[in-house]
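Peer 1:
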Amino acid sequence: MNNILFVALGGSIGAVFRYMISILMVQLFGSAFPFGTLLVNILGSFMMGIIYALGQVSEVSPEIKALVGVGLLGALTTFSTFSNETLLLIQSGAWLKAFFNIALNLCLCIFMVYLGQQLVFSRI
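Under UniProt numbering, think of the first position of the sequence shown as 1, with each following residue one higher.
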(Lines of atoms letter the chains of each structure in order from A and count residues from 1; the text may use other names and numbers.)
(Lines give C-alpha, C1' and ligand atoms only; values in the text may rest on other atoms or scores of the structure.)
Protein backbone atom coordinates (compact mmCIF):
# COMPACT_ATOMS: atom_id res chain seq x y z
CA MET A 1 0.00 0.00 0.00
CA ASN A 2 2.88 2.39 0.73
CA ASN A 3 4.17 2.08 -2.83
CA ILE A 4 0.77 3.20 -4.15
CA LEU A 5 1.09 6.39 -2.12
CA PHE A 6 4.61 6.95 -3.45
CA VAL A 7 3.38 6.47 -7.04
CA ALA A 8 0.55 8.93 -6.39
CA LEU A 9 2.91 11.51 -4.89
CA GLY A 10 5.43 11.13 -7.70
CA GLY A 11 2.67 11.24 -10.30
CA SER A 12 1.26 14.48 -8.96
CA ILE A 13 4.72 16.08 -8.98
CA GLY A 14 5.48 14.81 -12.49
CA ALA A 15 2.15 16.02 -13.87
CA VAL A 16 2.69 19.51 -12.45
CA PHE A 17 6.24 19.62 -13.85
CA ARG A 18 4.99 18.52 -17.27
CA TYR A 19 2.30 21.20 -17.26
CA MET A 20 4.72 23.94 -16.18
CA ILE A 21 7.35 22.92 -18.74
CA SER A 22 4.77 22.82 -21.53
CA ILE A 23 3.52 26.31 -20.68
CA LEU A 24 7.08 27.65 -20.53
CA MET A 25 8.01 26.12 -23.88
CA VAL A 26 4.91 27.59 -25.58
CA GLN A 27 5.77 31.00 -24.12
CA LEU A 28 9.36 30.73 -25.37
CA PHE A 29 8.84 29.10 -28.77
CA GLY A 30 5.14 29.26 -29.61
CA SER A 31 2.91 26.33 -30.42
CA ALA A 32 3.97 25.48 -33.99
CA PHE A 33 6.08 22.55 -32.75
CA PRO A 34 5.51 20.49 -29.56
CA PHE A 35 8.76 21.46 -27.83
CA GLY A 36 7.25 20.96 -24.37
CA THR A 37 6.46 17.30 -24.98
CA LEU A 38 9.86 16.76 -26.56
CA LEU A 39 11.64 18.33 -23.57
CA VAL A 40 9.74 16.37 -20.92
CA ASN A 41 10.37 13.13 -22.82
CA ILE A 42 14.10 13.94 -23.08
CA LEU A 43 14.38 14.86 -19.38
CA GLY A 44 12.33 11.86 -18.31
CA SER A 45 14.44 9.52 -20.41
CA PHE A 46 17.64 10.90 -18.89
CA MET A 47 16.24 10.48 -15.39
CA MET A 48 15.07 6.94 -16.22
CA GLY A 49 18.60 6.06 -17.31
CA ILE A 50 19.94 7.34 -13.99
CA ILE A 51 17.35 5.47 -11.91
CA TYR A 52 17.90 2.23 -13.85
CA ALA A 53 21.68 2.44 -13.55
CA LEU A 54 21.52 3.27 -9.86
CA GLY A 55 19.41 0.16 -9.40
CA GLN A 56 22.09 -1.88 -11.17
CA VAL A 57 25.01 -0.66 -9.06
CA SER A 58 23.35 -0.20 -5.68
CA GLU A 59 20.15 -0.91 -3.86
CA VAL A 60 17.39 1.50 -4.77
CA SER A 61 14.47 1.17 -2.41
CA PRO A 62 11.10 0.08 -3.79
CA GLU A 63 9.73 3.37 -2.49
CA ILE A 64 12.17 5.44 -4.57
CA LYS A 65 11.48 3.30 -7.64
CA ALA A 66 7.74 3.83 -7.11
CA LEU A 67 8.08 7.56 -6.41
CA VAL A 68 10.49 8.46 -9.22
CA GLY A 69 10.50 5.63 -11.75
CA VAL A 70 6.77 4.95 -11.91
CA GLY A 71 5.07 8.04 -10.49
CA LEU A 72 7.16 11.08 -11.38
CA LEU A 73 8.56 9.84 -14.68
CA GLY A 74 5.31 8.16 -15.68
CA ALA A 75 3.44 11.45 -15.31
CA LEU A 76 6.26 13.67 -16.62
CA THR A 77 6.76 11.84 -19.89
CA THR A 78 3.89 11.22 -22.20
CA PHE A 79 3.62 8.94 -25.19
CA SER A 80 -0.07 9.66 -25.71
CA THR A 81 0.52 13.41 -26.01
CA PHE A 82 3.46 12.80 -28.34
CA SER A 83 1.27 10.57 -30.51
CA ASN A 84 -1.61 13.05 -30.61
CA GLU A 85 0.65 16.00 -31.43
CA THR A 86 2.35 14.02 -34.19
CA LEU A 87 -1.00 13.05 -35.70
CA LEU A 88 -2.18 16.67 -35.56
CA LEU A 89 0.97 17.73 -37.43
CA ILE A 90 0.30 15.07 -40.08
CA GLN A 91 -3.36 16.05 -40.38
CA SER A 92 -2.40 19.70 -40.84
CA GLY A 93 -0.02 18.74 -43.64
CA ALA A 94 3.14 19.49 -41.63
CA TRP A 95 4.82 16.23 -42.63
CA LEU A 96 8.36 17.49 -42.08
CA LYS A 97 7.55 18.70 -38.55
CA ALA A 98 5.86 15.36 -37.84
CA PHE A 99 8.92 13.49 -39.07
CA PHE A 100 11.25 15.62 -36.93
CA ASN A 101 8.99 15.17 -33.91
CA ILE A 102 9.13 11.38 -34.29
CA ALA A 103 12.87 11.31 -35.00
CA LEU A 104 13.82 13.70 -32.22
CA ASN A 105 11.66 11.99 -29.59
CA LEU A 106 12.92 8.54 -30.52
CA CYS A 107 16.61 9.27 -31.02
CA LEU A 108 17.11 11.84 -28.29
CA CYS A 109 15.17 9.89 -25.67
CA ILE A 110 17.05 6.65 -26.30
CA PHE A 111 20.32 8.61 -26.20
CA MET A 112 19.31 10.29 -22.93
CA VAL A 113 18.59 6.94 -21.26
CA TYR A 114 22.07 5.84 -22.37
CA LEU A 115 23.62 9.11 -21.14
CA GLY A 116 21.91 8.79 -17.76
CA GLN A 117 23.19 5.23 -17.37
CA GLN A 118 26.71 6.23 -18.38
CA LEU A 119 26.68 9.10 -15.88
CA VAL A 120 26.07 6.63 -13.08
CA PHE A 121 28.27 3.79 -14.40
CA SER A 122 31.24 6.13 -14.97
CA ARG A 123 31.19 7.13 -11.29
CA ILE A 124 31.82 3.57 -10.14
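Note that the Cβ used here is the ideal one computed from N, Cα and C, for glycine as well. Remember, it's a predicted structure, so these values are computed and weren't measured experimentally.
Tell me whether the beta-carbon of Ala75 lies closer than 8 Å to the beta-carbon of Gly14.
Peer 2: Cβ distance < 8 Å, so Ala75 and Gly14 count as in contact.
Peer 1: Does DSSP classify Arg18 as helix, strand or coil?
Peer 2: In the structure shown, Arg18 sits in a helix (DSSP, three-state: H, G or I).
Peer 1: Quick one: is Ile51 buried, meaning 16 or more other Cβ sit within 10 Å of its Cβ, or exposed?
Peer 2: Result: buried.
Peer 1: Distance, Cα to Cα, Phe88 vs Val7?
Peer 2: The amino acid at residue 88 is misidentified as Phe; the sequence shows Leu. Cα-Cα distance, rounded: 31 Å.
Peer 1: Using a 10 Å radius around the Cβ and a threshold of 16 neighbouring Cβ atoms, would you call Cys107 buried or exposed?
Peer 2: So Cys107 counts as exposed.
Peer 1: Within 10 Å of its beta-carbon, does Ala66 have 16 or more other beta-carbons around it, so buried, or fewer, so exposed?
Peer 2: So Ala66 counts as buried.
Peer 1: Is the beta carbon of Asn3 closer than 8 Å to that of Glu59?
Peer 2: No.
Peer 1: Could you tell me which of Phe17, Val113 and Ser122 sits nearest to Phe46, measuring between CA atoms?
Peer 2: Comparing Cα positions, the closest option is Val113.
Peer 1: Buried or exposed for Arg123, please, with buried defined as at least 16 other CB atoms from any protein chain shown within 10 angstroms of its CB.
Peer 2: Counting Cβ neighbours within 10 Å, Arg123 comes out exposed, since fewer than 16 surround it.
Peer 1: If you count every other CB in all the chains shown that lies within 10 Å of the CB of Gly93, and 16 or more means buried, which is it?
Peer 2: Gly93 comes out exposed.
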